[in-house]
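Structure, as structure tokens:
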Amino acid sequence: MPEGHTIHRIARDHQKWFAGQNLIVTSPQGRFSDEAAVVSGKKLREVTAHGKHLFYHWNKNLIGHIHLGLYGKFRVHKNPPPEPRGAVRVRMIGLTKGFDLNGPNCCELVTKAAHDKLRLRLGEDPLREDVSRETVWQKMQRSRSAIGSLLLNQSVIAGIGNVYRAEILFLLGIHPQLPANELTRGQFDQLWDLTVQLLQVGVKHNRIITAGFDGAGKVPKGLRAAERLNIYKRSECPRCNAPIKTWSLANRKMYACSVCQTLD
DNA sequence: TTGATTGTTACCGG
DNA sequence: TCCGGTAACAATCA
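If you're matching positions, the first sequence starts at -15 in my numbering and goes up one per residue.
See the structure below:
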């Protein structure tokens, strides 16, 4: 389900709802039982996000690391919590509400050292305040990989997924197979600014919206899911009606307009 | 029942 | 070392 905007939204919500509280942490279906006991009843200090990774800081050296992968899902509920649905990996209960977590790719307790090491592996997160656009520019300059491949590479930019990749490249008229080191500085700056803008819109509205902006960049309201996107899962270009081509790039399905997005 | 999926990682070969 | 391709894993739904 998630790209970076979802994860940052969750971090923001969980920080607001649970930070400072002594959460009850359980693992109804096991697979996190020992870890749950370690942190249950301890005060949760802070919830942070980097790319698609979530971190629950109980203390300096005791950090919950969650990655949702393709299927991971949080279900937020008011107290008292309902019966667990499906294989609930971990359940946290705060003062007024709590959540169940199903199907995460990763759900573990890590030390500060492991947390730092993991974050070193990750690239720049456009949604974080400590982000460095120059680092991303340098990595792109050094890579002959297709730009459509690099955008999904979490060690370059952390947080972009398959939907944003297709939408960003379409909006800029860049062919996904363009080698990253052939991007001009101007193109890169455009790409970066658009990425930051779209991800921020995503966090604010809790959904991916890349279509229907007016001249002032105002976010449209009341659009159906299919109308919020330009090209992802479409068959015709909304701009020129040309057929949209699809192929596999970096192991995921790429969508691009056969006319608007050309090489050179 | 089948196939697809808003993801990541390891491994292999060029 | 870089890079692309492939498979494995996770859970849900149309």
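Think of the CB as a built atom: it goes at the ideal place given N, C-alpha and C, for glycine as much as any other residue.
Treat the numbers as computed from the prediction; the structure is a model and nothing was measured.
Taking the CA atoms as reference points, Gln161 sits about 13 Å from Met124. For Tyr239, the closest alpha carbon among the candidates Leu155, Arg105 and Gly53 is that of Leu155.
By alpha-carbon distance to Ala130, the top candidate from Ile141, Gly145, His61 and Glu166 is Glu166. For His37, the CB contacts under 6 Å within the same chain, skipping 5 residues up- and downstream, are His51 in chain order. Around the beta carbon of Tyr55, a 10 Å sphere encloses fewer than 16 other beta carbons of the protein chains shown; the residue is thus reported as exposed. Counting C-beta atoms within 10 angstroms of its own C-beta, Pro88 has 16 or more neighbours from the protein chains shown and is therefore classed as buried. Taken in chain order, the unbroken stretches of beta strand (DSSP E) that lie wholly in the segment 56 to 91 and span 3 residues or more are 57 to 62, 72 to 77 and 81 to 86.
Sequence-distant partners of Asn146 (beyond 5 residues in either direction) whose C-beta falls short of 6 Å from its own C-beta, in its chain, are Arg236.
Within the model, the alpha-carbon separation for Thr168 versus Ile(-9) is close to 31 Å.
When the alpha-carbon of Leu7 is set against those of Gly82, Arg73 and Val60, the nearest one is in Gly82. Here Tyr216 carries a coil assignment [DSSP, helix/strand/coil]. Less than 8 Å divides the Cβ of Asp109 from the Cβ of Gly(-12). For the pair Gly186 and Pro(-14), the Cα-to-Cα distance works out to about 11 Å. Between Gly143 and Leu178, the CB-CB gap reaches or exceeds 8 Å.
In the three-state reduction of the DSSP assignment, Phe39 falls in the strand class, which pools E and B. Counting only residues of its own chain and dropping the five nearest sequence neighbours on each side, Ser116 has a CB closer than 8 Å to the CB of Glu108. For Ser242, there is no enclosing beta strand (DSSP E), as DSSP marks it with neither H nor E. Trp231 has Met238 as its beta-bridge partners, per DSSP.
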